[in-house]
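Undergrad:
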Amino acid sequence: MTRICFLLLAVALLSGCGGGTAKQVDTAAQKQAQLLTMEQCRGYLKVDITDPWHEGKVLHTYLLVPRDSAMPQSLPEGTVVRTPITHALVFSEVHTGLLRELGSFSAVKGVCDAHYFTDAEVLEGIKSGAIADCGNSMMPTIEKVIAMHPDAILLSPYQDASYGQIEKTDIPIIECADYLEYSPLGRAEWMKFYGALVGKKAMADSLYEAVASRYRAIMQKAAKASTRPSVITEMVINGIWAVPGGNSYMASIIADAGGSYPWAADTSTGSLSLDFNQVLAKAQKADYWFVKWTGIHSLQVLKSHYALNANFEAFKQKKVWACDTEQTHFFVRIPYHPDLLLSEFAAVLHPDLFPQVQPQFYKRLN
Numbered sequence: 006m007t008r009i010c011f012l013l014l015a016v017a018l019l020s021g022c023g024g025g026t027a028k029q030v031d032t033a034a035q036k037q038a039q040l041l042t043m044e045q046c047r048g049y050l051k052v053d054i055t056d057p058w059h060e061g062k063v064l065h066t067y068l069l070v071p072r073d074s075a076m077p078q079s080l081p082e083g084t085v086v087r088t089p090i091t092h093a094l095v096f097s098e099v100h101t102g103l104l105r106e107l108g109s110f111s112a113v114k115g116v117c118d119a120h121y122f123t124d125a126e127v128l129e130g131i132k133s134g135a136i137a138d139c140g141n142s143m144m145p146t147i148e149k150v151i152a153m154h155p156d157a158i159l160l161s162p163y164q165d166a167s168y169g170q171i172e173k174t175d176i177p178i179i180e181c182a183d184y185l186e187y188s189p190l191g192r193a194e195w196m197k198f199y200g201a202l203v204g205k206k207a208m209a210d211s212l213y214e215a216v217a218s219r220y221r222a223i224m225q226k227a228a229k230a231s232t233r234p235s236v237i238t239e240m241v242i243n244g245i246w247a248v249p250g251g252n253s254y255m256a257s258i259i260a261d262a263g264g265s266y267p268w269a270a271d272t273s274t275g276s277l278s279l280d281f282n283q284v285l286a287k288a289q290k291a292d293y294w295f296v297k298w299t300g301i302h303s304l305q306v307l308k309s310h311y312a313l314n315a316n317f318e319a320f321k322q323k324k325v326w327a328c329d330t331e332q333t334h335f336f337v338r339i340p341y342h343p344d345l346l347l348s349e350f351a352a353v354l355h356p357d358l359f360p361q362v363q364p365q366f367y368k369r370l371n
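When we follow the working numbering, the leftmost residue of the sequence shown carries the number 6, and every step to the right adds one.
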């Protein structure tokens, strides 16, 4: 019987990832990312990116092979990436920020859309020539891309994307679809993939587990609150109010922070394009209002954007909180640290439970 059990165990360990290779699978309880699957195989890490636009299809498969090891003789179909990458062309400041946190900022050798970057080290690198400015992300300057000799290009994909000339260079294109995850911890979990790319997988795994642990602790504490205040977010811009769907990232944050959301029954993972009157009709009595925009520093400024904003109960009760996205680096920090955003929302909704939280992103409007 012992011999049979041993043989069954051996078969289980050797199944998947191609014949004769070991496979490590995240359990459902551990895995939060819906679009990312990582399997540690013998001699390489297999990474599958699920196509978010075409159900049941794979957007891209990557085979991460350590530089200091021989190329495995039998590899499944996919893009081979030798790791750690040391010369990366990066299209988004979200990813340069994470690479710095992982101690691998030196791998950033080029960027696109440099005018969107606010990171002082990136800007200084461009100025000194240490980091190449490869132009517009929609049409990079191919001569500069080739000249910097990248071993990987990190960019955000879009539906049915075509990457033009850079697809013909044989440089691995890493399709960073993390921004399409609608779960806060799901997006944060992508740091494991980026950590593996720069040879810091153990560090990235540890960082993610710390973030996830803090997130869950805040969520569990908020769940003990005796009330669930109602919350609305964002504001009308050019006649349209982009309201987060009921299954969206922001809706998850509100629920996990111990709040209720007027559109919680909606099943959308993206945003709903509503007009002002639609939002007012459904959420005029909301207890709190969170706004992300630039330059909203007072209730008067919010009212100046649209006079009818003053009709919301949260406005009348001075329970409006605003995040200046230019000043706070919100879009750079929050993707891989949703625990920071959750703690702020929870502290606003339940100050008695979170008296020590000092907001970094949102400020109460006077």
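All C-beta atoms, glycine included, are put in the ideal place defined by N, C-alpha and C.
#1: What did DSSP end up calling residue 219 once you bin it into helix, strand or coil?
#2: How big is the Cα-Cα spacing for residue 267 and residue 243?
#3: According to DSSP, is residue 369 helix, strand or coil?
#4: Which first and last residues belong to the alpha helix (DSSP H) in which residue 172 is found?
#5: In angstroms, rounded to a whole number, what distance separates the CA positions of residue 130 and residue 106?
#6: Which residue comes first and which comes last in the beta strand (DSSP E) that contains residue 340?
#7: Determine the extent of the beta strand (DSSP E) in which residue 266 is found, giving its start and end residues.
#8: Per DSSP, what are the beta-bridge partners of residue 326 in this structure?
#9: For residue 68, which option in 62, 49, 216, 58 has the closest C-alpha, if you only look at C-alpha atoms?
#10: So if DSSP puts residue 71 in a beta bridge, which residue, or which two residues, is it bridged to?
#11: Using a Cβ-Cβ cut-off of 6 Å (strictly less than) and excluding sequence neighbours within five positions of residue 354, which residues of its own chain qualify?
#12: Quick check on DSSP: helix, strand or coil for residue 93?
#13: How many Å lie between residue 141 and residue 120 at the Cα?
#14: Please go through the same chain and pick out, in chain order, the residues whose beta-carbon is closer than 8 Å to the beta-carbon of residue 238, but skip the five residues on each side of it.
#15: List the endpoints of the continuous beta strand (DSSP E) containing residue 313.
#16: According to DSSP, which residues form a beta bridge with residue 65?
#17: Can residue 95 and residue 159 be called in contact, C-beta distance under 8 Å?
#18: According to DSSP, simplified to helix, strand and coil, what is residue 111?
#19: Give me the Cα-Cα distance between residue 302 and residue 352, rounded to the nearest whole angstrom.
#20: Work out the CA separation of residue 170 and residue 29 for me, nearest whole Å.
#21: Could you check the C-alpha separation between residue 77 and residue 83 for me, to the nearest Å?
#22: Name the two residues that bound the continuous alpha helix (DSSP H) containing residue 318.
#23: Could you check which residue in 45, 368, 39, 332 has the C-alpha nearest to that of residue 188?
#24: Would you call the stretch 328-335 and the stretch 206-218 touching, i.e. three or more CB-CB distances under 8 Å?
#25: Measuring only the C-alpha atoms, how far is residue 195 from residue 57?
#26: With distances taken between CB atoms, is the gap from residue 325 to residue 307 smaller than 8 Å?
#27: Taking only three categories from DSSP, how would you classify residue 333?
#28: So if DSSP puts residue 2 in a beta bridge, which residue, or which two residues, is it bridged to?
#29: Spatial neighbours of residue 156 within its chain, please: C-beta separation below 6 Å, excluding the five flanking residues on both sides.
#30: Looking at the strands, I want to know which residues DSSP matches up with residue 252.
#31: Under a Cβ-count criterion, where at least 16 other Cβ atoms within 10 Å of its own Cβ denotes burial, should residue 280 be classed as buried or exposed?
#32: Between which two residues does the alpha helix (DSSP H) holding residue 238 run?
#33: Taking all protein chains shown into account, do 16 or more other C-beta atoms lie within 10 angstroms of the C-beta of residue 63, making it buried, or fewer, making it exposed?
#34: At what residues does the beta strand (DSSP E) containing residue 43 begin and finish?
#35: In whole angstroms, give me the CA-to-CA distance for residue 336 and residue 80.
#36: I need the straight-line Cα distance from residue 292 to residue 241, nearest angstrom please.
TA: According to the data block:
#1: helix
#2: 22 Å
#3: strand
#4: From DSSP, residue 172 is part of no alpha helix (DSSP H); its letter is neither H nor E.
#5: 17 Å
#6: Neither: residue 340 is in no beta strand (DSSP E) and is coded neither H nor E.
#7: No beta strand (DSSP E) contains residue 266, which DSSP labels as neither H nor E.
#8: 295, 369
#9: 49
#10: 88
#11: 234, 262, 263, 264
#12: strand
#13: 9 Å
#14: 248, 249, 255, 259, 294, 295, 296, 297
#15: Per DSSP, residue 313 belongs to no beta strand (DSSP E) and is neither H nor E.
#16: 54
#17: yes
#18: helix
#19: 20 Å
#20: For residue 29, the predicted model reports a pLDDT of 46, less than 50, meaning its position is unreliable; a value from the coordinates is still stated below. C-alpha separation (whole angstroms): 36 Å.
#21: 13 Å
#22: 318-321
#23: 39
#24: no
#25: 15 Å
#26: yes
#27: helix
#28: No answer is possible for residue 2: it lies beyond the span of the chain, which begins at 6 and ends at 371.
#29: 90, 92
#30: Note: residue 252 sits in no beta bridge, so no partner.
#31: exposed
#32: Here residue 238 belongs to no alpha helix (DSSP H); instead the beta strand (DSSP E) covers 236-238.
#33: exposed
#34: 41-46
#35: 37 Å
#36: 18 Å
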